[in-house]
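Peer 1:
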Amino acid sequence: MDQKVRQFEVCTQDGSVDRHGNPAIRAKTGKWLSAILILVNQGLATLAFFGVGVNLVLFLTRVMGQDNAEAANSVSKWTGTVYIFSLLGAFLSDSYWGRYKTCAIFQGSFVVGLVMLSLSTAALLLEPSGCGVEESPCKPHSTFKTVIFYLSVYLIALGYGGYQPNIATFGADQFDADDSVEGHSKIAFFSYFYLALNLGSLLSNTVLSYFEDQGDWPLGFWASTGSAFAGLVLFLTGTPKYRHFTPRESPWSRFCQVLVAATRKAKIDVNYEDMNLYDSETQRTGDKKILHTSGFRFLDRAAIVTPDDDAEKVESGSTYNPWRLCSVTQVEEVKCVFRLIPIWLCTILYSVVFTQMASLFVEQGAAMKTNIKDFKIPASSMSSFDILSVAFFVFAYRRFLDPLFARLNKTEPNKGLTELQRMGIGLVIAIMAMISAGIVEIYRLKHKETASNSSSLSIFWQVPQYMMIGASEVFMYVGQLEFFNSQAPTGLKSFASALCMASISLGNYVSSLLVSIVLSISTSDDFPGWIPGNLNKGHLDRFYFLLAGLTAADFVVYLVCAKWYKYIKSEASFSESTSEEEV
Numbered sequence: 000m001d002q003k004v005r006q007f008e009v010c011t012q013d014g015s016v017d018r019h020g021n022p023a024i025r026a027k028t029g030k031w032l033s034a035i036l037i038l039v040n041q042g043l044a045t046l047a048f049f050g051v052g053v054n055l056v057l058f059l060t061r062v063m064g065q066d067n068a069e070a071a072n073s074v075s076k077w078t079g080t081v082y083i084f085s086l087l088g089a090f091l092s093d094s095y096w097g098r099y100k101t102c103a104i105f106q107g108s109f110v111v112g113l114v115m116l117s118l119s120t121a122a123l124l125l126e127p128s129g130c131g132v133e134e135s136p137c138k139p140h141s142t143f144k145t146v147i148f149y150l151s152v153y154l155i156a157l158g159y160g161g162y163q164p165n166i167a168t169f170g171a172d173q174f175d176a177d178d179s180v181e182g183h184s185k186i187a188f189f190s191y192f193y194l195a196l197n198l199g200s201l202l203s204n205t206v207l208s209y210f211e212d213q214g215d216w217p218l219g220f221w222a223s224t225g226s227a228f229a230g231l232v233l234f235l236t237g238t239p240k241y242r243h244f245t246p247r248e249s250p251w252s253r254f255c256q257v258l259v260a261a262t263r264k265a266k267i268d269v270n271y272e273d274m275n276l277y278d279s280e281t282q283r284t285g286d287k288k289i290l291h292t293s294g295f296r297f298l299d300r301a302a303i304v305t306p307d308d309d310a311e312k313v314e315s316g317s318t319y320n321p322w323r324l325c326s327v328t329q330v331e332e333v334k335c336v337f338r339l340i341p342i343w344l345c346t347i348l349y350s351v352v353f354t355q356m357a358s359l360f361v362e363q364g365a366a367m368k369t370n371i372k373d374f375k376i377p378a379s380s381m382s383s384f385d386i387l388s389v390a391f392f393v394f395a396y397r398r399f400l401d402p403l404f405a406r407l408n409k410t411e412p413n414k415g416l417t418e419l420q421r422m423g424i425g426l427v428i429a430i431m432a433m434i435s436a437g438i439v440e441i442y443r444l445k446h447k448e449t450a451s452n453s454s455s456l457s458i459f460w461q462v463p464q465y466m467m468i469g470a471s472e473v474f475m476y477v478g479q480l481e482f483f484n485s486q487a488p489t490g491l492k493s494f495a496s497a498l499c500m501a502s503i504s505l506g507n508y509v510s511s512l513l514v515s516i517v518l519s520i521s522t523s524d525d526f527p528g529w530i531p532g533n534l535n536k537g538h539l540d541r542f543y544f545l546l547a548g549l550t551a552a553d554f555v556v557y558l559v560c561a562k563w564y565k566y567i568k569s570e571a572s573f574s575e576s577t578s579e580e581e582v
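Numbering (numbering that gives the first Met the number 0), first residue to last: 0 to 582.
(1) Measure how close the beta-carbons of V389 and V473 come, nearest whole angstrom, since I'm counting them as under 8 Å.
(2) Once DSSP output is grouped into helix, strand and coil, what is the label at F7?
(3) At what residues does the alpha helix (DSSP H) containing D172 begin and finish?
(4) Identify whether I530 lies in helix, strand or coil by the three-state DSSP scheme.
(5) Who are the near neighbours of R283 in its chain, counting only those whose CB is closer than 6 Å to its CB and skipping five residues on each side?
(6) Give me the residue from A436, G528, N452, W221 with the minimum Cα distance to M115.
(7) Are the stretch 470-484 and the stretch 37-51 in contact at 8 Å, needing three or more beta carbon pairs?
(8) What residue from L55, R253, G14 has the CA that sits closest to A357's CA?
(9) Report, in whole angstroms, the separation of the C-beta atoms of T245 and V16, which I expect to be a contact under 8 Å.
(10) My guess is that V110 and F228 are in contact by the Cβ rule of under 8 Å, so how many angstroms apart are they, rounded?
(11) Applying the 10 Å Cβ sphere with the 16-neighbour rule, what's the burial state of E362?
(12) In angstroms, rounded to a whole number, what distance separates the CA positions of A552 and G214?
(13) State the DSSP-derived secondary structure class of F374, mapped to helix, strand or coil.
(14) Following the continuous alpha helix (DSSP H) through E126, name the residue where it begins and the one where it ends.
(15) Among residues of its own chain, excluding the 5 on either side of T45, which ones have a beta-carbon nearer than 6 Å to its beta-carbon?
(16) Pick helix, strand or coil for Q12, following the three-state DSSP scheme.
(17) When the Cβ atoms of the stretch 373-391 are set against those of the stretch 509-523, are three or more pairs found closer than 8 Å?
(18) Around the C-beta of C255, are 16 or more other C-beta atoms found within 10 angstroms, so that it is buried, or is it exposed?
(19) Can you list, in chain order, the stretches of the alpha helix (DSSP H) that have 4 or more residues and sit fully within the stretch 16-77?
(20) Would you mind listing the beta strand (DSSP E) stretches within the stretch 459-533 that are 3+ residues and don't spill past its ends, in chain order?
(21) Determine whether the beta carbon atoms of T80 and A156 lie at a separation below 8 Å.
(22) Which residue from L57, L113, L549 puts its Cα closest to that of I347?
(23) Tell me which same chain residues have a C-beta within less than 8 Å of the C-beta of G88, skipping the five on either side of it?
(24) Relative to the C-alpha of R263, which residue among W322, T236, L207, T318 is closest?
(25) Return the chain-ordered list of same chain residues with a C-beta closer than 7 Å to the C-beta of L546, the five sequence neighbours on each side being excluded.
(26) In terms of residues, what are the limits of the alpha helix (DSSP H) holding S252?
(27) Name the residue from S485, L426, S504 whose alpha carbon lies nearest to the alpha carbon of I289.
(28) Is it right to say L231 is buried, meaning 16 or more other beta carbons lie within 10 angstroms of its own, or is it exposed?
(29) Count the C-beta pairs between the stretch 375-387 and the stretch 502-516 that are closer than 8 Å, then say yes if the count reaches three, no if not.
(30) For R406, report the span of its alpha helix (DSSP H) as first-last.
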């Protein structure tokens with residue numbers, strides 16, 4: 000009876016299924032009800048993560064006894080590791096577990112890491128009692144206590160990193176891209192996802208940041224733990240309504256099959272103008288056949304049918320050997336990945352700029368006037384202006400800028416900026432942010448107080464650089480999420496989201512490397528370098544201007560790569576074309 004009823008209910012056309020593995024019924028699964036649960040889950044998880052990350056540089060200096068440069072490098076490496084783990088989560092999701100299971104397991108790891116950090120901080124690290132504030136740093140810790148601390152924070156990195164790329168893609172899975180209404184909602188979801196990410200960190204950057212800056216580290220960490228646990232429970236409550244994509248085979252096997260097949264046929268003579276390319280008749284439900292393109296012609300050899308392929312098929316009595324012959328769609332999937340790589344590489348330097356908010360911006364702010372009468376503003380809480388900027392520009396772009404650009408577009412009417420154009424705008428705004436930060440540092444040094452590592456210049460002079468970083472994120476990271484998700488092959492959607500996070504990861508590592516190089520070059524016997532422990536004795540402004548110059552050069556390279564890029568073109572999904580034929 001259920002099967003008969005299901006036949007008359009409209010199912011999704013993209014191949015998604017419900018939790019029982021049946022085709023997902025459009026009216027009963029997914030859409031905004033499921034997406035909102037995921038958005039709130041993302042906000043709570045982000046609150047928990049930044050409850051640790053936003054003040055980690057201060058925790059390392061005040062509790063763990065590191066100096067400014069060492070703490071900045073430690074934060075960059077830790078943040079980078081978070082995003083490296085995103086690649087692990089994407090691999091497990093795309094190849095074995097699926098996105099739902101991967102999100103649940105890594106969120107569990109995230110909660111365990113937070114519990115360990117909260118317990119170890121309260122019981123082991125805050126010695127003597129009352130330490131952990133600027134005026135009273137903690138005493139050195141034993142190897143055991145240090146190991147426990149790093150084990151907990153890297154367990155947090157594993158949990159949040161493995162969860163993050165999958166939750167973004169899992170949320171997008173709740174909308175059928177082949178439906179006109181849901182397809183529009185799917186595009187909007189990425190903007191709201193990034194907005195939820197930033198709003199989730201707002202509380203951690205204000206309230207939690209304030210308590211942690213006052214030395215109440217256990218309270219901040221336990222609040223983060225509670226938020227992460229609530230997010231996990233909320234995520235699990237939506238289980239009956241979620242849409243899923245079941246992984247059938249490792250996308251990396253398909254990727255390697257193309258490379259092996261093309262290499263095996265490297266010596267055959269090929270007329271690229273008249274090729275007999277294999278286009279498999281079997282197609283997985285929800286997959287789309289990708290049209291052949293002329294780039295990366297060497298890979299086309301993997302789809303050329305040779306007499307040896309036919310002979311082997313006759314001998315096996317079944318199908319072609321996938322390690323000798325691949326379909327056009329399979330070859331084009333590999334081409335898609337290769338085309339994405341240059342664009343992805345150009346986003347890494349932007350991430351170097353972005354990561355300064357969690358390190359050098361905080362140290363710069365801590366060396367400015369942070370008092371309003373008797374109230375002291377935590378330097379890390381200035382990132383709230385970044386969050387407010389993100390919220391404003393997400394709304395402004397969706398409601399005003401995108402319709403405006405659509406009206407001004409003469410070549411493609413009613414179409415706004417492409418994802419690549421938005422990413423380019425993000426790079427330009429990032430350059431402006433670094434110039435602004437450098438100018439603020441020049442004025443901060445002019446008002447420095449020689450008796451201390453501080454300045455009489457108000458910390459609110461940092462507002463423009465934070466606001467510009469926020470604006471650049473809306474154009475760069477939201478555009479990047481949409482671009483990679485739309486251009487990645489069906490089986491590599493989580494990997495595409497992980498690439499976005501991996502660019503942040505490498506940006507953190509490059510930032511750490513760049514700081515080390517600048518320190519080694521700029522330090523001499525009579526000068527402590529551009530970024531010393533006492534910023535009043537250095538030239539942080541020169542480092543900011545260096546980043547502006549490097550990002551400008553990166554923008555030029557990006558323009559060339561964006562001009563070269565070819566967008567993916569595909570036919571209708573298999574399930575959609577099949578239903579049309581039946582009608």
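Don't be surprised by glycine CBs; every beta carbon is placed ideally from N, CA and C.
This one's a predicted model, so the numbers in the text were calculated from it and none came from an experiment.
Peer 2: The structure says:
(1) Residue 389 sits at position 390 when you count from the first residue of the sequence shown. Residue 473 sits at position 474 when you count from the first residue of the sequence shown. That pair is a contact at about 6 Å.
(2) The residue given as residue 7 occupies position 8 in the sequence shown. Note that F7 scores a pLDDT of 46, beneath 50, so its modelled location is shaky; the value from the coordinates is reported in the next line. In this structure, F7 counts as coil in the three-state DSSP scheme.
(3) Taking the sequence shown and counting its residues from 1, the one referred to as residue 172 is at position 173. Annotation: the continuous alpha helix (DSSP H) that includes D172 extends over 142-172.
(4) For this step, residue 530 is matched to residue 531 along the sequence shown. Of the three classes helix, strand and coil, the one that applies to I530 here is coil, per DSSP.
(5) The residue given as residue 283 occupies position 284 in the sequence shown. Note that R283 scores 48 on pLDDT, short of 50, meaning its location in the model is unreliable; the coordinates nonetheless yield the value given after this. Same-chain partners within the cutoff: there are none.
(6) The residue given as residue 115 occupies position 116 in the sequence shown. Here the closest residue by C-alpha is W221.
(7) Judged by Cβ distances under 8 Å, the stretch 470-484 makes no contact with the stretch 37-51, as fewer than three pairs qualify.
(8) Taking the sequence shown and counting its residues from 1, one reaches residue 357 at position 358. When each option's Cα is compared against that of A357, the closest is L55.
(9) Stepping through the sequence shown from its first residue, residue 245 is reached at position 246. Stepping through the sequence shown from its first residue, residue 16 is reached at position 17. A Cβ-Cβ separation of about 6 Å places T245 in contact with V16 under the 8 Å criterion.
(10) Position 111 of the sequence shown, counted from the first residue, corresponds to residue 110. Position 229 of the sequence shown, counted from the first residue, corresponds to residue 228. Contact holds; Cβ gap of about 5 Å.
(11) Looking up residue 362 in the sequence shown gives position 363. Residue environment: E362 is assigned as buried (16 or more neighbouring CB atoms within 10 Å of its CB, all protein chains considered).
(12) On the sequence shown, residue 552 is found 553 positions in, with the first residue counted as 1. On the sequence shown, residue 214 is found 215 positions in, with the first residue counted as 1. Whole-angstrom Cα-Cα distance: 42 Å.
(13) As a first step, residue 374 must be located in the sequence shown, where it is residue number 375. Three-state result, F374: strand.
(14) Mapped onto the sequence shown, residue 126 falls at position 127. Note, E126: premise wrong, no alpha helix (DSSP H); not H, not E.
(15) Along the sequence shown, one-based indexing puts residue 45 at 46. Within the same chain, L196, G199, S200 come within 6 Å of T45 by CB-CB distance, once the 5 residues on both sides are set aside.
(16) Residue numbering aside, residue 12 sits at position 13 when the sequence shown is read from its first letter. In this structure, Q12 counts as coil in the three-state DSSP scheme.
(17) With fewer than three CB-CB distances shorter than 8 Å, the stretch 373-391 does not count as touching the stretch 509-523.
(18) Looking up residue 255 in the sequence shown gives position 256. Its Cβ having fewer than 16 others within 10 Å, C255 is exposed.
(19) Taken in chain order, the complete alpha helix (DSSP H) segments of 4 residues or longer contained in the stretch 16-77 are 30-52, 55-61.
(20) If you keep only unbroken beta strand (DSSP E) runs of at least 3 residues inside the stretch 459-533, you get nothing at all.
(21) Position 81 of the sequence shown holds residue 80. Position 157 of the sequence shown holds residue 156. In terms of Cβ geometry, T80 and A156 form a close pair [threshold 8 Å].
(22) For the purposes of this step, residue 347 is taken as the residue at position 348 of the sequence shown. Out of L57, L113, L549, L549 has the C-alpha closest to the C-alpha of I347.
(23) Counted from its first residue, the sequence shown places residue 88 at position 89. Hits under 8 Å: T101, F105, G160, G161, Y162, Q163, P164, N165, S493, A497.
(24) By 1-based counting over the sequence shown, the position of residue 263 is 264. For the options W322, T236, L207, T318, the alpha carbon positioned closest to that of R263 is the one of W322.
(25) Looking up residue 546 in the sequence shown gives position 547. Apart from sequence neighbours up to five positions away, the residues of its chain that approach L546 with a beta-carbon distance below 7 Å are V351, V352, M433, ordered along the chain.
(26) As a working mapping, residue 252 is identified with position 253 in the sequence shown. First-last of the alpha helix (DSSP H) with S252: 250-263.
(27) Stepping through the sequence shown from its first residue, residue 289 is reached at position 290. The shortest C-alpha to C-alpha distance from I289 to any of S485, L426, S504 is the one to S485.
(28) Position 232 of the sequence shown, counted from the first residue, corresponds to residue 231. Looking at its Cβ environment, which holds 16 or more other Cβ atoms inside 10 Å, L231 is buried.
(29) Below 8 Å, too few C-beta pairs join the stretch 375-387 and the stretch 502-516 to call them touching: fewer than three.
(30) By 1-based counting over the sequence shown, the position of residue 406 is 407. Following the DSSP letters along the chain, one finds R406 inside the alpha helix (DSSP H) bounded by residues 401-407.
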